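In the UniProt record's numbering, the protein residues as written are 1 to 601. Contents: one structure, followed by commentary.
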């Protein structure tokens with residue numbers, strides 16, 4: 001079963017055959033659930049995505065929100081879709097029953113989000129940010145803050161945002177200037193400007209809860225002096241009703257190349273003396289709290305990139321199967337029938353590249369979601385700690401690898417359609433524009449590379465990397481017992497050795513004080529590392545498929561599983577081979593990008 005933008009058969013394969021997600025029902029948190037419930041929820045998401053989200057995807061892109069100086073105007077279909085999303089409980093998928101949530105596993109919730117995002121990423125921007133903000137309050141908010149702000153967000157009455165960047169600071173959060181002055185009554189007066197705030201103004205909900213990073217006067221310099229505040233659009237009375245308008249003003253809308261259905265705003269706080277804010281947790285720990293939201297959001301960004309790549313892949317696949325054009329290179333008779341595009345080797349290459357990226361990326365992102373579930377509900381402390389270690393290491397990869405290479409898949413989708421792919425008459429150009437934003441969402445590709453190489457891969461003497469390779473080695477050992485897969489196990493093993501040697505070289509250089517030189521090619525390290533991890537995920541998929549093929553599946557399923565093995569072969573032969581030259585360049589401590597004089601540009 002498929003919708004136009006997501007393959008539900010592949011989702012089922014990832015959730016149940018790869019990740020054994022239905023086994024979570026044996027744990028206390030999910031004891032009253034079962035696979036039938038999960039499948040029903042996934043089907044509801046698919047039906048809604050097809051009927052309510054996908055139909056206005058193009059309309060929202062062509063009719064982006066406008067601001068008349070007083071009010072933001074958004075096409076009505078956005079609210080209709082979100083009202084249905086809320087009514088069916090999707091806003092609170094992961095939250096506790098006691099808070100009005102559905103208490104679903106993260107893997108199931110993320111799969112639902114993939115379905116919706118593939119259908120309409122612009123409309124999904126609003127719940128994406130709301131869920132993230134509510135998760136921060138669940139983890140760090142007081143009981144009053146949870147009752148006053150979080151529960152209405154779960155119910156869909158309030159939406160949320162995260163307000164980090166400022167016009168002069170961008171990703172350099174240590175340079176933010178927004179101030180929070182204590183009033184003496186337990187609140188703060190917030191003043192400053194925040195830029196690039198998605199979903200920052202609209203009438204889709206009763207209220208908007210902004211989570212704002214700001215500095216209290218006298219705070220330590222840099223990121224150690226940042227605190228986190230709740231700043232609602234409307235103040236909320238003790239009985240839950242809305243009070244007066246807070247001092248938060250929309251200065252204007254930004255107009256991005258993609259995600260046009262989501263308002264993107266410049267917000268001014270405190271033009272009338274100071275917006276009322278409420279401190280979350282302790283002073284000066286705001287960035288730590290916000291990273292709770294950002295790390296979950298980074299998995300969501302990666303999955304969003306996968307979803308858009310998947311939508312483009314499925315469209316171009318259908319086009320290639322139904323568009324006649326040309327003949328084989330050895331076909332000399334111009335009177336013979338034209339071939340379907342998919343019969344041409346280079347079109348199959350473009351389709352394989354897309355399939356490898358999007359199905360591999362889906363496996364990676366849902367694996368990360370499953371690690372979140374393991375961290376929350378694992379059978380013992382050791383299992384939970386191991387899941388956390390792997391998740392910390394892989395989060396930069398989960399965010400950034402799909403954002404780069406599923407965007408590449410969208411490029412391939414345009415190429416399959418040829419000249420038609422560049423027109424607005426076909427959706428693949430919009431998928432590309434929408435996906436082009438993900439490499440900068442929740443930390444740029446370069447920032448994620450610095451995080452991975454500068455901290456995650458080398459901390460504790462590389463303990464997390466060693467744990468990852470231990471899991472990979474178990475997969476390789478099993479794969480070697482299957483003749484068709486032994487080659488790919490050997491290729492993955494060679495890549496893991498390159499990663500290990502390269503990481504050790506960089507760690508030694510950093511210990512010698514060569515910090516800038518060591519990190520000059522961190523982005524390339526991220527790409528290399530991500531390719532290794534995707535090679536592992538593809539070997540796991542091929543191994544699962546090989547086992548399934550031994551059980552005499554139906555013809556349809558046989559083709560599905562053979563497709564997994566063929567795509568594993570493609571990735572290992574055409575993509576994983578890039579790891580060694582990348583590693584050699586990084587380990588050489590090449591200084592080309594570091595030493596070029598700015599005047600040479």
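Every residue, glycine too, gets a C-beta built ideally from N, C-alpha and C. All figures in this text were calculated on a predicted structure; none of them were measured in a lab.
Determine the extent of the alpha helix (DSSP H) in which residue i is found, giving its start and end residues.
{"i": "residue 193", "result": "No alpha helix (DSSP H) holds residue 193; the beta strand (DSSP E) holding it covers 188-198."}
{"i": "residue 359", "result": "345-377"}
So residue i packs on residue j, CB below 8 Å; how close in whole Å?
{"i": "residue 374", "j": "residue 387", "result": "4 Å"}
{"i": "residue 267", "j": "residue 194", "result": "5 Å"}
{"i": "residue 101", "j": "residue 94", "result": "7 Å"}
{"i": "residue 53", "j": "residue 123", "result": "6 Å"}
{"i": "residue 130", "j": "residue 162", "result": "Their Cβ separation, rounded to whole angstroms, is 10 Å, which puts residue 130 and residue 162 out of contact at 8 Å."}
Spatial neighbours of residue i within its chain, please: C-beta separation below 7 Å, excluding the five flanking residues on both sides.
{"i": "residue 498", "result": "579, 580 and 583"}
{"i": "residue 279", "result": "188, 227 and 229"}
{"i": "residue 560", "result": "9"}
{"i": "residue 289", "result": "136, 140, 228, 280 and 281"}
{"i": "residue 690", "result": "Summary: the structure shown does not reach residue 690, with the chain confined to residues 1 through 601, and so no result is reported for it."}
{"i": "residue 89", "result": "102"}
{"i": "residue 151", "result": "99 and 100"}
{"i": "residue 454", "result": "519 and 522"}
{"i": "residue 448", "result": "396, 399, 400 and 526"}
{"i": "residue 20", "result": "none"}
{"i": "residue 415", "result": "350 and 421"}
Taking its Cβ as the centre, do 16 or more other Cβ atoms sit within 10 Å of residue i, making it buried, or is it exposed?
{"i": "residue 40", "result": "exposed"}
{"i": "residue 57", "result": "buried"}
{"i": "residue 142", "result": "exposed"}
{"i": "residue 115", "result": "buried"}
{"i": "residue 325", "result": "exposed"}
{"i": "residue 51", "result": "exposed"}
{"i": "residue 406", "result": "buried"}
{"i": "residue 552", "result": "exposed"}
{"i": "residue 347", "result": "buried"}
{"i": "residue 605", "result": "Residue 605 is absent from the model: the chain starts at 1 and stops at 601."}
{"i": "residue 257", "result": "exposed"}
{"i": "residue 121", "result": "buried"}
{"i": "residue 382", "result": "exposed"}
{"i": "residue 273", "result": "exposed"}
{"i": "residue 87", "result": "exposed"}
{"i": "residue 265", "result": "buried"}
{"i": "residue 23", "result": "exposed"}
{"i": "residue 361", "result": "buried"}
{"i": "residue 33", "result": "buried"}
{"i": "residue 501", "result": "exposed"}
{"i": "residue 385", "result": "exposed"}
{"i": "residue 588", "result": "exposed"}
{"i": "residue 70", "result": "exposed"}
Over the uninterrupted beta strand (DSSP E) stretch that includes residue i, give me the two end residues.
{"i": "residue 138", "result": "Note, residue 138: premise wrong, no beta strand (DSSP E); alpha helix (DSSP H) at 121-140."}
{"i": "residue 182", "result": "179-182"}
{"i": "residue 210", "result": "207-215"}
{"i": "residue 226", "result": "226-232"}
{"i": "residue 269", "result": "264-269"}
{"i": "residue 397", "result": "Looking at the DSSP string, residue 397 is not in any beta strand (DSSP E); the run it does join, the alpha helix (DSSP H), is 381-417."}
{"i": "residue 446", "result": "Note, residue 446: premise wrong, no beta strand (DSSP E); alpha helix (DSSP H) at 445-451."}
{"i": "residue 251", "result": "248-253"}
{"i": "residue 245", "result": "242-245"}
{"i": "residue 161", "result": "158-163"}
Is the Cβ of residue i closer than 8 Å to any Cβ of chain C?
{"i": "residue 582", "result": "As a matter of chain content, chain C is missing from the structure shown, which is built from one protein chain."}
Near residue i, what residues of its chain come up, given a Cβ to Cβ distance below 6 Å and the 5 sequence neighbours on each side ignored?
{"i": "residue 457", "result": "465 and 503"}
{"i": "residue 431", "result": "308, 311, 312 and 410"}
{"i": "residue 2", "result": "Caution is warranted here: a pLDDT of 47 is assigned to residue 2, below 50, making its placement in the model unreliable, and the coordinate value is therefore given only provisionally. Correct list, in chain order: 8."}
{"i": "residue 342", "result": "320 and 321"}
{"i": "residue 222", "result": "174"}
{"i": "residue 275", "result": "190, 231, 246, 247, 248 and 269"}
Can you give me the Cβ contacts of residue i inside the same chain, cut-off strictly under 8 Å, excluding the 5 residues immediately before and after it?
{"i": "residue 423", "result": "429"}
{"i": "residue 546", "result": "482, 484, 485, 561 and 565"}
{"i": "residue 284", "result": "216, 219, 220, 224, 225, 226 and 227"}
{"i": "residue 488", "result": "479, 535, 538, 539, 542, 568, 569 and 572"}
{"i": "residue 590", "result": "520 and 521"}
{"i": "residue 207", "result": "152, 157, 158, 159, 232, 233, 234, 236 and 242"}
{"i": "residue 299", "result": "110, 365, 368, 369, 372, 395, 398 and 399"}
Whole beta strand (DSSP E) elements within the UniProt domain "Acetyl-CoA dehydrogenase-like C-terminal" (469-596), 3-residue minimum: Scanning the UniProt domain "Acetyl-CoA dehydrogenase-like C-terminal" (469-596) for uninterrupted beta strand (DSSP E) segments of 3 residues or longer gives nothing; none is fully contained.
Whole alpha helix (DSSP H) elements within the region 272-334, 4-residue minimum: DSSP runs (the alpha helix (DSSP H)) wholly in the region 272-334: 286-322.
Segments assigned alpha helix (DSSP H), at least 4 residues, entirely inside the region 68-127: Runs found: 76-87 and 106-119.
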